[in-house]
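*Asks:* Numbering of the sequence shown is given in full-length UniProt numbering, commencing with residue 1 and proceeding in unit increments.
A virtual CB, placed ideally from N, CA and C, is assigned to each residue, including glycine.
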Amino acid sequence: MAVMTHEYIQTLVHFAPTFKQLFLNDVAITISDTEKVVFHSDSNAIKIGNANPVGILLKTNEPMYQVMQIRKMIQMDIPIELYGISGKITISPLFDDQKK
Numbered sequence: 001m002a003v004m005t006h007e008y009i010q011t012l013v014h015f016a017p018t019f020k021q022l023f024l025n026d027v028a029i030t031i032s033d034t035e036k037v038v039f040h041s042d043s044n045a046i047k048i049g050n051a052n053p054v055g056i057l058l059k060t061n062e063p064m065y066q067v068m069q070i071r072k073m074i075q076m077d078i079p080i081e082l083y084g085i086s087g088k089i090t091i092s093p094l095f096d097d098q099k100k
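Following this line, the structure appears as structure tokens:
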């Protein structure tokens, strides 16, 4: 994901609570622009707000940054050692109308 327009990000943040309700499973949603986290909503089971709070800059070794570089969705297993519960995460870059 290159630079996504501010309007797109605002729309994603606005609808994030609705997206969460569409899943049958417990999910967390984190939204970033190309540089930092702009929205985070924990799942009921895993509280990672301190690990990925709004305003924190993305690091180049983080999966959220890496999907923007490879321009593809990834799925990863979360080891139990990380948060005390195991799970799976899906991270996908989103693009604006100019594919940025």
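Select from M76, P93, K59 and I78 the residue whose C-alpha is nearest the C-alpha of I70.
*Replies:* Closest option to I70, Cα to Cα, is P93.
*Asks:* Would DSSP call V3 helix, strand or coil?
*Replies:* The predicted position of V3 is uncertain, since its pLDDT is 39 and thus under 50; no value can be drawn from it.
*Asks:* Are the Cβ atoms of residue 104 and K88 separated by less than 8 Å?
*Replies:* In this structure the chain extends from 1 to 100, so residue 104 is not present and cannot be described.
*Asks:* Please list the terminal residues of the continuous beta strand (DSSP E) segment that includes I70.
*Replies:* First-last for I70: P63 to I70, but that is the alpha helix (DSSP H), not the beta strand (DSSP E).
*Asks:* Quick one: measure Cβ to Cβ for S41 and I56, integer angstroms, because I've assumed they're closer than 8 Å.
*Replies:* Going by Cβ atoms, the distance from S41 to I56 rounds to 15 Å, so no, they are not a contact pair.
*Asks:* Determine which residues share a DSSP beta bridge with F39 and list them.
*Replies:* Paired residues: I31.
*Asks:* My guess is that residue 105 and N44 are in contact by the Cβ rule of under 8 Å, so how many angstroms apart are they, rounded?
*Replies:* The structure shown does not extend to residue 105, since the chain is modelled only from 1 to 100, so the question has no answer here.
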